[in-house]
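First residue of the first sequence? That's -5 in the working numbering, and the numbers climb one at a time after it. Note that CB positions come from ideal geometry on N, CA and C, so glycine has one too.
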Amino acid sequence: MSAFTDKVIEITNLIPKGKVVSYGQVALMAGVPRGARQVGWILHQFGDETPWWRVINNAGRISTKCLEHDANMQKEFLEKEGVQVTKRLNIDIENYRWRPSHEILGKLALDDQYVFEIQEKFSLS
DNA sequence: GCTATGACAAGGA
DNA sequence: CTCCTTGCCATAG
């Protein structure tokens, strides 16, 4: 396992119940700003040890294709936690997005400058 | 070391 | 809003 993989799993486990994040956001926090695709790939492999259903794409849509853990299952998991999901698998991501505190970001072995950039990016919109 | 493969993202049609 | 294209980058083979 690489450091990147460890980070992704660690971060995913930090997502609070009832909140969601985008793949790109996880990648950003893991230190690879454009590693969104890898995040999806990793969650597919380690889905049994992470709350993978709290990670969706930035368009607010569920995009899993996995037969073992399909979109309908993810929809039910989220609704059970209080997250509204439409029949078209749409989610108001900005309303449920998890905005990690500076303390949490600091524990991810990231330098302060990087942490600052992340927070600045998510404080917008 | 090189190519193929995505549970993505963003911008254009 | 929905499709399509291009850019991305860690893994697998």
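Buried or exposed (CB count within 10 angstroms, at least 16 for buried), residue i
i: Phe80; result: Note that residue 80 corresponds to Thr in the displayed sequence, not to Phe. Exposed.
i: Ala24; result: buried
i: Arg(-4); result: The identity of residue -4 in the sequence shown is Ser, whereas the question assumes Arg. Counting Cβ neighbours within 10 Å, Ser(-4) comes out exposed, since fewer than 16 surround it.
i: Lys115; result: exposed
i: Ser119; result: Annotation note: pLDDT 49 at Ser119 (below 50); position unreliable, no value reported.
i: Gly29; result: buried
i: Leu61; result: exposed
Anticipated Cβ contact below 8 Å, residue i with residue j, distance rounded
i: Ile5; j: Glu43; result: With 8 Å as the limit, Ile5 and Glu43 do not qualify as a contact, their Cβ atoms being about 13 Å apart.
i: Leu99; j: Ile112; result: 6 Å
i: Ile56; j: Gln68; result: 5 Å
i: Tyr14; j: Trp92; result: Note on identity: in this sequence residue 14 is Val, with Tyr being the wrong assignment. The pair is a contact, with the Cβ atoms about 7 Å apart (cut-off 8 Å).
i: Gly54; j: Ile85; result: 5 Å
Short Cβ contact (8 Å threshold) for residue i with residue j
i: Val20; j: Val49; result: yes
i: Asn51; j: Tyr17; result: yes
i: Lys1; j: Leu102; result: yes
i: Leu72; j: Trp35; result: no
Per DSSP, the bridge partner or partners of residue i
i: Asn51; result: Looking at the DSSP assignment, Asn51 forms no beta bridge with any residue, so it has no partner.
i: Arg91; result: Val14
i: Asn84; result: Arg55
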